[in-house]
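Structure follows, in structure tokens:
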């Protein structure tokens, strides 16, 4: 965790808060919190990264979609089913439109949504 925090701080200082590499570093720190089951801290970082990524890169950019997918998983593990489903659906639809139905990332998004439904017995 300490190393991830240092990387985010250095990235912000050297590259700026809106640089794509800084956004990836923030996403990585959020994943560290996620694996430590610090869901709210992960969620806060991911929401910040998504907002910046949408504004700087675009809604359809691969980095934005990765961060969104990680937020969906974070929502899922917090039991926030509706938010998770909305985010999983959005990522899947966007990847299908941008990358196509057969692309591995699109298929992974479909699998994430299906897994969530399976765990909810839907």
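In the working numbering, the protein residues as written are 125 to 246. Idealized CB from N, CA, C, for every residue including glycine.
Euclidean distance between Cα positions of residue i and residue j
i           : j           : result
residue 201 : residue 229 : 21 Å
residue 138 : residue 210 : 35 Å
residue 174 : residue 188 : 6 Å
residue 136 : residue 170 : 16 Å
residue 203 : residue 157 : 17 Å
residue 146 : residue 128 : 11 Å
residue 236 : residue 182 : 22 Å
residue 130 : residue 208 : 29 Å
residue 142 : residue 165 : 20 Å
residue 199 : residue 223 : 25 Å
8 Å Cβ cutoff met for residue i and residue j
i           : j           : result
residue 192 : residue 227 : no
residue 153 : residue 132 : yes
residue 212 : residue 240 : yes
residue 242 : residue 216 : no
Own chain, CB closer than 8 Å to residue i, minus 5 neighbours either side, in chain order
i           : result
residue 185 : 177
residue 195 : 167, 170, 171, 174 and 211
residue 160 : 125
Neighbourhood of residue i by C-beta distance below 6 Å, restricted to the same chain and skipping five residues each side
i           : result
residue 151 : 173 and 191
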